[in-house]
Amino acid sequence: MDTVSLEYRFSLPDGTREIFHFELIDESLELIDSHCSDPLPGWTRLSFHQCPNCPMTETEQAYCPYAAKISNTVSRFDRLLSYERVYMDVITKERVISQATTAQQGVSSLLGLIIANCGCPHTNFFRPMARFHLPFANIEETIWRAAAMYLLSQYFLKTEGKVADCELTGLEAIYRNVHIVNRAVSERLRAASRSDLPANALILLDVYAMNFPYRIDTILRDMRQLFTPFFKDVFGNAQ
29 MDTVSLEYRF
39 SLPDGTREIF
49 HFELIDESLE
59 LIDSHCSDPL
69 PGWTRLSFHQ
79 CPNCPMTETE
89 QAYCPYAAKI
99 SNTVSRFDRL
109 LSYERVYMDV
119 ITKERVISQA
129 TTAQQGVSSL
139 LGLIIANCGC
149 PHTNFFRPMA
159 RFHLPFANIE
169 ETIWRAAAMY
179 LLSQYFLKTE
189 GKVADCELTG
199 LEAIYRNVHI
209 VNRAVSERLR
219 AASRSDLPAN
229 ALILLDVYAM
239 NFPYRIDTIL
249 RDMRQLFTPF
259 FKDVFGNAQ
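Okay, so the sequence shown: first residue is 29 according to our numbering, each after it adds one.
Next comes the structure, spelled out in structure tokens:
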């Protein structure tokens with residue numbers, strides 16, 4: 029079974045370290061080590077601040093998969109404040125990305141990886157992005173990656189004889205749903221943690237989901253000039 033390894037290493041202001049190691053099954057992108065708390069805390073129950081767009085019921089799912097997967101991260105950063113400085117290394121087989129940043133920014137990047145693989149039906153669409161995870165991505169990089177991922181998914185649909193969405197309508201709908209989910213989970217986190225860090229890290233991540241439908245047209249229009257070589261076919265004729 030082929031796996032993809034990722035590791036987040038946090039060097040904290042008090043001299044301690046927090047290390048999160050992940051193994052993703054290459055084909056399914058399932059998290060082998062889910063970093064869940066055991067036992068799960070009460071705030072991870074499905075009914076606790078359940079998302080208004082959640083399709084699950086307690087009879088079929090006692091715990092929110094999103095909350096369950098981030099519970100270990102929340103508990104391990106319960107003593108840290110959002111603005112405190114940390115030094116981070118994000119390690120994959122191919123490269124090491126190091127950055128001095130705020131705890132809020134670092135945990136936000138970590139949550140982005142976990143949430144994409146948490147089993148929530150609204151975030152499962154981001155699994156391909158988790159496979160090619162880019163820590164600390166800005167809004168332009170995120171839109172580039174999300175649009176490329178979505179259009180590639182539509183290409184695969186078209187090869188199977190299905191209707192492809194080249195207008196990115198479905199991608200905008202995905203982000204609107206994720207924004208609703210993130211807002212509800214942030215309410216869980218305010219009740220769960222003594223620190224402002226977990227909720228603020230999620231809010232920072234949610235800024236992308238909230239702004240995506242409004243920024244995508246502008247950013248893609250600005251990116252259009254990058255593709256001028258493709259505006260002529262291989263024979264030099266204008267498309």
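Think of the CB as a built atom: it goes at the ideal place given N, C-alpha and C, for glycine as much as any other residue. Fair warning: this is a prediction, and the values are worked out from it, not measured in the lab.
- Spanning the alpha carbons of residue 225 and residue 133 requires a straight line of approximately 10 angstroms.
- For residue 58, the closest alpha carbon among the candidates 236, 219, 32 is that of 32.
- Shown here, residue 118 sits in a strand according to DSSP, grouped into three states.
- Our two residues, residue 211 and residue 217, have alpha carbons roughly 10 angstroms apart in a direct line.
- DSSP, reduced to helix, strand and coil, places residue 51 within a strand of the structure shown.
- The continuous stretches of alpha helix (DSSP H) do not include residue 164, and DSSP gives it neither H nor E.
- Rounded to the nearest whole angstrom, the CA to CA distance from residue 153 to residue 198 is 11 angstroms.
- Pairing residue 162 with residue 77, the inter-Cα distance amounts to about 30 angstroms.
- With contacts defined by Cβ atoms closer than 7 angstroms, residue 136 and residue 40 do not form a contacting pair.
- For residue 141, the closest C-alpha among the options 157, 92, 173 is that of 157.
- The residue among 79, 74, 96, 95 with its C-alpha nearest the C-alpha of residue 87 is 74.
- Within the same chain, Cβ atoms closer than 6 angstroms to the Cβ of residue 146 are found at 93, 94, 97, the five residues on either side in sequence being excluded.
- The C-beta of residue 151 has 16 or more other C-beta atoms within 10 Å across all chains shown, which makes the residue buried.
- In terms of Cβ geometry, residue 99 and residue 69 form a close pair [threshold 7 angstroms].
- Spanning the alpha carbons of residue 43 and residue 71 requires a straight line of approximately 30 angstroms.
- DSSP lists 49, 119 as the bridge partner or partners of residue 35.
- DSSP, read as helix, strand or coil, puts residue 214 in helix.
- DSSP places residue 206 in the helix class (H, G or I) of the three-state scheme.
- Counting C-beta atoms within 10 angstroms of its own C-beta, residue 253 has fewer than 16 neighbours from the protein chains shown and is therefore classed as exposed.
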